[in-house]
Amino acid sequence: MKGVLIRLSQRVIWGVIMVFVTASFTFFLVRMMPGNPVDAKYNQLVMQGLTPVQAMNKVRVMYGFIPHEPLWQQYIHYLNQIAHMNLGQSISYEGVPVLHLILTAAPWTIILVLTGLVASFIVGVLAGVIAAIKRSSPVGSAISLSGSLLHGIPQFVMGLFLAYVFTTLWVLLPFGAPYNAELTPGLNGPFISSLIRHAILPVATYALSSYGGWLLTMKSSVITVLGDDFILAAEVRGLKMGTRVRYIAHNAILPLFTIFALSIGFMLGGSLFIENIFDYPGLGNLLLHAINSRDYPLMSGAFLLITVSVILSNIATDFLYSVVDPRIRR
Amino acid sequence: MKKVVFLALSMVSAGVLVAGCGTATQAKSSTSTTFTTIDEYHGITAGAPINPFNSNGNNWLGYDQMQLGWFTNSPTNPNSFYPGLAEKWDVSSNGSNVTIWLQPNAKWSNGTPVTAKDVKTSMAVAFTQGNAQSFYLGSVKVISSNEVQFSQIPGQHYNLFLNNLLQQTIVPSFEYEKLMPTNIWQIINESMYTGNNAAKKALATKAETDLTNLGKTIANYSPAKDISAGPFVLKNLNPGEALLVKNPDFFAANSIKVNQVVFRNYTGNQQIWNYLIAGQLDAAPFTAMPTNILHQILATKGNQEVVSPSYVAAALAFNQGIYPYGMLSVRRALAHVIDRQAVQKVAEPVVGTVSKYSDGMVDSATSQWLNSAQVNQLDPYSYNLSKATAELQKAGFKKVNGQWLMPNGKPWTATIYTVNGFSDWIEAAKVISSEMTSFGIPTQPSIVSSYSQYLKEIAQDKYALGFWLNALGPEASPTYLRIYGANDGYQVVGGQLVHYPYTNKTQGNWLDIPSTVPLPNGTLVNPGKLTYELNSLTSTQQRPIVQQLALATDYNLPMITLWNYINVQFVNTTRFGDFPTEPGLLDNPPAVWMTQGYVHPKS
Numbered sequence: 000m001k002g003v004l005i006r007l008s009q010r011v012i013w014g015v016i017m018v019f020v021t022a023s024f025t026f027f028l029v030r031m032m033p034g035n036p037v038d039a040k041y042n043q044l045v046m047q048g049l050t051p052v053q054a055m056n057k058v059r060v061m062y063g064f065i066p067h068e069p070l071w072q073q074y075i076h077y078l079n080q081i082a083h084m085n086l087g088q089s090i091s092y093e094g095v096p097v098l099h100l101i102l103t104a105a106p107w108t109i110i111l112v113l114t115g116l117v118a119s120f121i122v123g124v125l126a127g128v129i130a131a132i133k134r135s136s137p138v139g140s141a142i143s144l145s146g147s148l149l150h151g152i153p154q155f156v157m158g159l160f161l162a163y164v165f166t167t168l169w170v171l172l173p174f175g176a177p178y179n180a181e182l183t184p185g186l187n188g189p190f191i192s193s194l195i196r197h198a199i200l201p202v203a204t205y206a207l208s209s210y211g212g213w214l215l216t217m218k219s220s221v222i223t224v225l226g227d228d229f230i231l232a233a234e235v236r237g238l239k240m241g242t243r244v245r246y247i248a249h250n251a252i253l254p255l256f257t258i259f260a261l262s263i264g265f266m267l268g269g270s271l272f273i274e275n276i277f278d279y280p281g282l283g284n285l286l287l288h289a290i291n292s293r294d295y296p297l298m299s300g301a302f303l304l305i306t307v308s309v310i311l312s313n314i315a316t317d318f319l320y321s322v323v324d325p326r327i328r329r
Numbered sequence: 000m001k002k003v004v005f006l007a008l009s010m011v012s013a014g015v016l017v018a019g020c021g022t023a024t025q026a027k028s029s030t031s032t033t034f035t036t037i038d039e040y041h042g043i044t045a046g047a048p049i050n051p052f053n054s055n056g057n058n059w060l061g062y063d064q065m066q067l068g069w070f071t072n073s074p075t076n077p078n079s080f081y082p083g084l085a086e087k088w089d090v091s092s093n094g095s096n097v098t099i100w101l102q103p104n105a106k107w108s109n110g111t112p113v114t115a116k117d118v119k120t121s122m123a124v125a126f127t128q129g130n131a132q133s134f135y136l137g138s139v140k141v142i143s144s145n146e147v148q149f150s151q152i153p154g155q156h157y158n159l160f161l162n163n164l165l166q167q168t169i170v171p172s173f174e175y176e177k178l179m180p181t182n183i184w185q186i187i188n189e190s191m192y193t194g195n196n197a198a199k200k201a202l203a204t205k206a207e208t209d210l211t212n213l214g215k216t217i218a219n220y221s222p223a224k225d226i227s228a229g230p231f232v233l234k235n236l237n238p239g240e241a242l243l244v245k246n247p248d249f250f251a252a253n254s255i256k257v258n259q260v261v262f263r264n265y266t267g268n269q270q271i272w273n274y275l276i277a278g279q280l281d282a283a284p285f286t287a288m289p290t291n292i293l294h295q296i297l298a299t300k301g302n303q304e305v306v307s308p309s310y311v312a313a314a315l316a317f318n319q320g321i322y323p324y325g326m327l328s329v330r331r332a333l334a335h336v337i338d339r340q341a342v343q344k345v346a347e348p349v350v351g352t353v354s355k356y357s358d359g360m361v362d363s364a365t366s367q368w369l370n371s372a373q374v375n376q377l378d379p380y381s382y383n384l385s386k387a388t389a390e391l392q393k394a395g396f397k398k399v400n401g402q403w404l405m406p407n408g409k410p411w412t413a414t415i416y417t418v419n420g421f422s423d424w425i426e427a428a429k430v431i432s433s434e435m436t437s438f439g440i441p442t443q444p445s446i447v448s449s450y451s452q453y454l455k456e457i458a459q460d461k462y463a464l465g466f467w468l469n470a471l472g473p474e475a476s477p478t479y480l481r482i483y484g485a486n487d488g489y490q491v492v493g494g495q496l497v498h499y500p501y502t503n504k505t506q507g508n509w510l511d512i513p514s515t516v517p518l519p520n521g522t523l524v525n526p527g528k529l530t531y532e533l534n535s536l537t538s539t540q541q542r543p544i545v546q547q548l549a550l551a552t553d554y555n556l557p558m559i560t561l562w563n564y565i566n567v568q569f570v571n572t573t574r575f576g577d578f579p580t581e582p583g584l585l586d587n588p589p590a591v592w593m594t595q596g597y598v599h600p601k602s
């Protein structure tokens with residue numbers, strides 16, 4: 000137990016250092032990007048038909064609160080804010096705290112990615128086992144082919160395709176909002192139904208794009224396990240097919256567990272294109288908006304959250320893996 | 000246990016399927032009188048205040064954000080307006096004093112009447128946002144509960160005073176008055192001091208700072224709910240959609256036949272295309288799109304394209320301070336070398352029309368300002384390489400081995416500057432470069448990273464040839480200020496017109512147009528001075544000046560106007576009919592169409 004605690008504290012210390020380094024890196028990186036929030040807004044206003052003079056006057060009033068102190072002072076201020084769990088105020092969302100924006104957007108991303116991740120994992124793993132066991136049959140080949148095809152299609156292509164087919168060619172599903180604005184949010188049937196309908200396409204995009212990866216990895220892992228001695232021994236001893244498949248799946252899934260756990264860490268930043276295509280109000284969309292408008296505090300905040308979630312999931316994976324695979328504990 | 004899990008999973012799956020496929024029509028407007036649209040300039044920001052002064056505020060102009068009037072986008076009559084919260088108005092002969100009378104039945108959505116006090120409070124707010132200063136508002140006097148008198152700052156005769164005044168947002172005083180100190184008008188008056196008294200100047204500086212700080216406080220203010228004097232009021236909002244319902248207290252509620260409006264958010268043009276192709280939008284602004292997408296949109300049942308004039312054009316501008324573009328023959332030769340038809344066809348085939356003239360205005364404004372005899376004096380500079388050759392030879396250019404040599408003996412090469420993201424300009428630059436190169440002037444396009452960078456560098460005389468938005472109307476003054484304003488060194492300092500020469504590298508004179516230029520009949524005019532005069536004249540007084548400026552601009556070619564932009568929007572006539580056709584009305588938001596009695600649901 001003492002050893003576990005020591006390892007845990009070591010991991011946490013490393014995690015804190017990693018967060019500090021990443022936060023510092025992103026702080027300077029986003030400020031090194033070409034352009035600035037004033038220019039971005041100015042360009043937008045000119046595009047909207049304002050004369051350059053009018054646009055400049057307007058951005059002066061709007062962005063009067065942008066910090067102008069030297070970069071190192073801003074950095075010290077930023078670190079001080081982070082230490083107090085304060086990510087500052089957004090520039091593009093005039094005066095709104097970054098933390099509020101991130102906390103509002105994060106649940107939508109979690110719903111989208113977690114559902115897609117779990118669905119693709121379950122289907123992909125099951126299909127991978129079948130594809131490996133039936134690898135010499137047409138069924139196995141067909142399943143493998145589906146995995147290879149879907150694995151090769153980028154998320155944004157899949158998203159555009161589904162959006163075109165199901166919202167434009169055949170208007171079967173809605174898109175462009177998380178739910179119908181005419182409904183009152185709450186635990187009521189119409190709202191939940193609307194929530195699910197609006198999530199189907201983004202979730203399906205994520206699930207279909209990820210399915211192939213799980214399938215191919217699982218298939219490869221199962222084929223490796225199939226050649227192990229203990230499977231041969233089980234077969235020789237006359238164990239039932241179902242029991243043998245269970246043994247195979249249990250051993251083959253270990254590498255996928257690691258990937259799955261790490262994927263949860265990357266969840267918050269993993270659906271940028273999907274959210275943009277379907278105008279889903281998650282962190283990906285927020286991050287894109289922040290980048291386009293050069294909203295430094297919002298960019299730094301979103302990057303920081305993604306970093307922290309990845310580091311936390313790494314620590315959690317490290318520990319959970321020893322629970323799933325007893326050999327690690329030795 | 001396994002059975003329970005299986006059952007649960009089956010139920011969830013069935014639920015998803017039912018939810019997903021059961022009511023396909025819900026993907027469209029849910030009721031026959033729900034009007035679905037998009038505001039191209041106004042996204043939806045869940046959590047942002049319902050405050051029109053916040054840059055992300057969840058209010059929509061014409062729907063739940065009201066003005067005193069709605070413009071008709073007339074180039075020759077900037078005081079032509081549709082009534083808004085003001086039923087009528089009266090302007091003094093010199094345009095310096097305006098009296099407005101509010102709609103007798105105007106009410107806020109909580110049933111409280113809209114009064115003159117609301118208008119006065121709104122003007123105070125306009126000072127905190129820097130808006131009222133821009134049209135020289137000097138005083139606001141409440142005459143009665145529905146009558147207000149406005150005056151310009153003494154000595155000012157800004158001819159767009161009424162125009163700007165009527166377009167100010169009116170907010171309820173019971174919401175916004177509490178945000179301002181009781182002596183707000185004293186602060187405003189102090190801020191307007193322009194004399195030389197040191198103490199008063201110090202007070203003015205302090206007052207300006209106070210107003211700016213107050214402006215930020217007001218912009219961040221978050222009212223508990225939407226209080227609208229418009230035809231709609233915000234009911235629900237999520238990050239992707241906003242639902243506005245009909246406001247029964249609206250003064251023209253009887254004219255509004257639409258029960259509710261859904262605004263859709265969008266993050267890219269692709270989404271708008273998809274909505275349009277699926278026939279889901281009852282009205283939509285134009286979005287840049289390839290021609291094949293336009294055809295798909297127009298093939299959708301009920302979709303119609305609605306076109307109205309736009310008072311802006313794209314031009315190729317010359318820096319006359321850079322050799323050899325100060326020579327009139329050179330500019331004229333290039334006007335004959337550029338095939339504007341070909342350029343427009345490639346660069347802006349959907350929302351552009353070839354510009355007939357280079358008189359500084361869009362063609363629809365030209366036809367309203369100039370009579371036919373004057374139009375006939377305009378040179379259309381048709382595509383004609385022989386004329387181009389003659390112009391260059393006249394100026395001492397020689398063509399050797401297929402390339403033109405300048406009178407100083409050096410080969411003539413050129414770079415055309417344009418801006419990253421301005422796809423039409425970039426395409427046009429490529430076509431023009433190709434045409435010039437074929438003619439014997441090796442030319443290449445160059446793309447600058449951002450528009451602000453472009454403006455900065457063009458003002459620093461880094462570009463001899465660059466694209467420029469001109470004819471920015473509809474009013475005559477801003478139209479010609481795009482040429483003979485700050486970009487030509489003319490600025491108003493302390494109420495006086497000052498001309499900064501090209502040699503002064505800090506004041507933005509990059510066009511370097513001569514102070515006096517000839518008209519086709521040889522008369523010399525000062526275009527900078529004439530343009531400045533436009534600012535304080537009535538439309539009738541402006542007419543001879545605009546005519547001189549048009550002739551001078553076309554004759555001397557400080558820039559070649561390539562194409563006029565046009566406003567293209569879409570309506571869908573499946574669920575609603577009776578859309579307006581008047582260009583001036585079409586340039587306003589659809590809620591203004593509805594207020595004027597248009598847009599009826601189909602039974």
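Sequence lines, in order, name chains F and S.
Per numbering that gives the first Met the number 0, residue 0 is the first one in the first sequence, and the count goes up by one each step.
Per numbering that gives the first Met the number 0, residue 0 is the first one in the second sequence, and the count goes up by one each step.
Heads up, the beta-carbon is just placed ideally off N, CA and C, and yes, glycines get one too.
Only a predicted model underlies this, so the values are computations on that prediction, with no experimental measurement involved.
Who are the near neighbours of residue i in its chain, counting only those whose CB is closer than 6 Å to its CB and skipping five residues on each side?
i: residue 566 of chain S; result: 307 and 309
i: residue 39 of chain S; result: 284
i: residue 23 of chain S; result: Any reading at residue 23 of chain S needs caution, since the residue's pLDDT is 38, under 50, leaving its predicted position unreliable; the model's value is listed next. Hits under 6 Å: none found.
i: residue 441 of chain S; result: 412
State yes or no: is the C-beta of residue i within less than 8 Å of the C-beta of residue j?
i: residue 147 of chain S; j: residue 186 of chain S; result: no
i: residue 150 of chain S; j: residue 138 of chain S; result: yes
i: residue 403 of chain S; j: residue 457 of chain S; result: no
i: residue 175 of chain F; j: residue 235 of chain S; result: no
i: residue 221 of chain F; j: residue 260 of chain F; result: no
i: residue 569 of chain S; j: residue 601 of chain S; result: no
i: residue 276 of chain F; j: residue 162 of chain F; result: yes
i: residue 301 of chain F; j: residue 101 of chain F; result: yes
Go to residue i, then tell me how far its alpha helix (DSSP H) extends in each direction, as first and last residue.
i: residue 274 of chain F; result: 271–276
i: residue 174 of chain S; result: 172–175
i: residue 539 of chain S; result: 538–555
i: residue 526 of chain S; result: 526–533
i: residue 288 of chain F; result: 282–291
Could you give the first and the last residue of the continuous beta strand (DSSP E) run that contains residue i?
i: residue 205 of chain S; result: Looking at the DSSP string, residue 205 of chain S is not in any beta strand (DSSP E); the run it does join, the alpha helix (DSSP H), is 197–219.
i: residue 169 of chain F; result: No beta strand (DSSP E) holds residue 169 of chain F; DSSP gives it neither H nor E.
i: residue 350 of chain S; result: Neither: residue 350 of chain S is in no beta strand (DSSP E) and is coded neither H nor E.
In the DSSP assignment, what are the bridge partners of residue i?
i: residue 99 of chain S; result: S:88 and S:147
i: residue 565 of chain S; result: S:308
i: residue 73 of chain S; result: DSSP output for residue 73 of chain S lists no bridge partner at all.
i: residue 498 of chain S; result: S:489
i: residue 418 of chain S; result: S:447
Can you give me the Cβ contacts of residue i inside the same chain, cut-off strictly under 7 Å, excluding the 5 residues immediately before and after it?
i: residue 617 of chain S; result: Lying before the first or after the last residue shown, residue 617 of chain S is absent from chain S, which here runs from 0 to 602.
i: residue 281 of chain F; result: 104, 107, 108, 111, 270 and 274
i: residue 174 of chain S; result: 222 and 226
i: residue 429 of chain S; result: 444
i: residue 78 of chain S; result: 90, 161 and 162
Considering only residues of the same chain and omitting the five flanking positions on each side of residue i, which have a CB-CB separation below 8 Å?
i: residue 597 of chain S; result: 577, 578, 579 and 584
Report task. Please list the segments of the alpha helix (DSSP H) lying wholly inside the segment 103–190 of chain F, counting only runs of 4 or more residues, in order along the chain. Result -> Runs of alpha helix (DSSP H) with 4 or more residues, each lying fully within the segment 103–190 of chain F, are found at 137–151 and 154–162, listed in chain order.
Report task. Jot down the residue ranges of each uninterrupted beta strand (DSSP E) in the segment 210–294 of chain S, minimum 3 residues, whole runs only, in chain order. Result -> Taking only runs of at least 3 residues, the beta strand (DSSP E) segments lying wholly in the segment 210–294 of chain S are 231–237, 240–245 and 259–263.
Requested in this report: Could I get the ranges of all uninterrupted alpha helix (DSSP H) runs contained in the segment 452–490 of chain S, with 4 residues as the minimum, in chain order?
Outcome: Those alpha helix (DSSP H) runs which fall completely within the segment 452–490 of chain S and span 4+ residues are 475–483.
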